[in-house]
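Here it is, written out as structure tokens:
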């Protein structure tokens with residue numbers, strides 16, 4: 002039989018009566034991811050997702066990489082399926098794992114028997130196949146405590162499956178099982194990581210970016226588009242809303258006291274993000290804020306910023322230090338794009354001495370100098386929308 006993928010489910014196995022909903026969404030997501038790599042059969046049995054190529058035209062390497070970004074999977078392996086007989090299993094081991102065994106100094110066999118009708122139990126399978134391997138590869142020592150290579154055998158409902166060590170999956174819950182959220186996406190390091198982390202909990206994302214041309218360049222806009230595209234590698238399909246923010250920032254500059262610029266700007270962002278999010282079914286806002294990182298991210302400042310919306314605001318990075326965030330950004334592939342030297346609107350009209358402990362009543366008094374509703378309405382009306390995806394065909 003041909004090579005295929007065996008992906009073990011993560012938290013889904015802990016679900017009760019609604020487990021089927023999570024499994025159906027995972028299958029749907031997997032089929033969508035596999036579509037551009039060929040014709041694959043995708044199904045779930047015994048707490049595992051099977052991805053089986055249907056013809057030789059399938060791009061197995063591309064599909065395997067895509068599996069590694071699929072939320073809901075705890076571990077994964079490439080494997081060879083075979084008939085459920087000892088001879089067929091041993092033949093699959095030598096044919097599929099022979100090169101690894103030839104180059105190994107020691108090995109052990111680990112077996113699992115989900116099909117209880119199989120005449121041997123797990124220990125007996127390991128002993129039988131391990132003995133045959135030892136005879137076929139006499140230079141490779143048997144080491145059941147600290148082997149260099151582990152041969153895995155799983156006897157399941159439809160077939161037996163032979164594979165080497167598994168690798169970690171993306172974890173989390175399938176995208177689409179946790180509702181929908183609006184992510185305030187800047188061009189920096191933090192917000193893409195925040196989006197990734199909330200998406201890992203099964204949340205679909207509507208990304209919203211604020212663009213202040215000509216104070217920020219077209220290259221800055223292209224950078225954010227690329228960041229959003231990179232995020233869809235994990236998050237799945239995403240709408241990116243690019244909001245023209247220049248008029249609002251100029252109005253704040255012209256009418257409000259400088260030390261309140263950043264706080265008022267972020268309150269406008271929250272209003273607009275909430276309105277756009279509601280139009281797209283979002284139930285919460287997500288930001289990349291990290292407590293104490295900058296002046297606008299003190300506890301007082303974040304309380305004043307969040308007071309302007311009714312939606313709950315999630316801050317996935319709130320307790321992380323910068324090095325943890327950078328490490329995660331490198332892992333998900335957004336770091337190199339995030340550090341490109343194109344500034345976003347948060348750096349426009351930055352006050353020399355921003356308020357770190359703003360008082361809500363004083364901030365509202367400054368905002369009263371502006372026609373807030375009209376400014377918000379015009380910004381939303383002039384929003385540009387883009388549909389982005391990474392693996393999937395347009």
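In my numbering, the protein residues as written are 2 to 395.
For every residue, glycine included, the Cβ atom is placed at its ideal position computed from N, Cα and C.
Review point. Using DSSP with H/G/I as helix, E/B as strand and the rest coil, what is residue 382?
Key: Position 381 of the chain shown, counted from the start, is the residue given in the question as residue 382. Per DSSP, reduced to three states, the secondary structure at residue 382 is helical.
Check your understanding: Thinking C-alpha only, which one of 212, 381, 307, 103 is nearest residue 151?
Key -> Locating residue 151 in the chain shown gives position 150, where the first residue counts as 1. Measuring from the Cα of residue 151, the nearest candidate turns out to be 103.
Point to revise | Neighbourhood of residue 306 by C-beta distance below 8 Å, restricted to the same chain and skipping five residues each side | key: Position 305 of the chain shown, counting from 1, holds the residue named residue 306. The answer, listed in chain order, is 264, 267, 268, 271, 297.
Exercise for review: Examine chain C for any beta-carbon lying closer than 8 Å to the beta-carbon of residue 160, and answer yes or no.
Suggested key: The structure shown has no chain C; it contains just one protein chain.
**Study point:** For residue 59, the three-state DSSP class (helix, strand or coil)
**Key:** The residue labelled residue 59 in the question sits at position 58 within the chain shown. In this structure, residue 59 counts as coil in the three-state DSSP scheme.
Check your understanding: Measuring CA to CA, which of 372, 367, 194 is closest to residue 330?
Key -> Position 329 of the chain shown holds residue 330. Measuring from the Cα of residue 330, the nearest candidate turns out to be 194.
Check your understanding: How many angstroms separate the CA atom of residue 395 from the CA atom of residue 164?
Key -> Here residue 395 refers to the residue found at position 394 when the chain shown is read from its first residue. Here residue 164 refers to the residue found at position 163 when the chain shown is read from its first residue. With a pLDDT of only 40 at residue 395, under the threshold of 50, the placement of this residue in the model should not be trusted; the figure read from the coordinates follows. Answer to the nearest angstrom: the Cα atoms are 34 Å apart.
Review point. What's the C-alpha gap between residue 10 and residue 202?
Key: Numbered from 1 along the chain shown, position 9 holds the residue referred to as residue 10. Numbered from 1 along the chain shown, position 201 holds the residue referred to as residue 202. Going from the Cα of residue 10 to the Cα of residue 202 covers about 14 Å.
Exercise for review: In angstroms with no decimal places, state the Cα-to-Cα distance between residue 379 and residue 238.
Suggested key: Within the chain shown, numbered from 1, the residue matching residue 379 stands at position 378. Within the chain shown, numbered from 1, the residue matching residue 238 stands at position 237. C-alpha separation (whole angstroms): 27 Å.
Exercise for review: Might you give, ordered along the chain, the residues of its own chain that have their beta carbon closer than 7 Å to the beta carbon of residue 327, omitting 5 neighbours on each side?
Suggested key: Residue numbering aside, residue 327 sits at position 326 when the chain shown is read from its first letter. For residue 327, where only same-chain residues beyond five positions count, the Cβ hits under 7 Å are 190, 336.
Exercise for review: Can you say whether residue 77 is buried or exposed, counting buried as having 16 or more other CB atoms within 10 angstroms of its CB?
Suggested key: Numbered from its first residue, the chain shown carries residue 77 at position 76. Taking all protein chains shown into account, residue 77 has 16 or more neighbouring C-beta atoms within 10 Å of its C-beta and is therefore buried.
Exercise for review: Spatial neighbours of residue 56 within its chain, please: CB distance less than 6 Å, with the 5 preceding and 5 following residues excluded, ordered by chain position.
Suggested key: Position 55 of the chain shown, counted from the start, is the residue given in the question as residue 56. Closer than 6 Å at Cβ, skipping near neighbours: 40.
Check your understanding: If you compare alpha carbons, which of 135, 226, 136, 66 is closest to residue 207?
Key -> Against the chain shown, residue 207 aligns to sequence position 206. Nearest option by C-alpha distance: 226.
Point to revise | Same chain, Cβ closer than 7 Å to residue 180, neighbours up to 5 away in sequence not counted | key: Within the chain shown, residue 180 is the residue found at index 179, counting from 1. Result list for residue 180: 204, 284, in chain order.
Review point. What number of angstroms, rounded off, separates the C-alpha of residue 142 from the C-alpha of residue 387?
Key: Taking the chain shown and counting its residues from 1, one reaches residue 142 at position 141. Taking the chain shown and counting its residues from 1, one reaches residue 387 at position 386. Rounded to whole angstroms, residue 142 to residue 387 spans 58 Å at the Cα level.
Review point. Where does the unbroken alpha helix (DSSP H) through residue 28 begin, and where does it stop?
Key: Here the question's residue 28 lines up with position 27 in the chain shown. Note, residue 28: alpha helix (DSSP H), 20-35.
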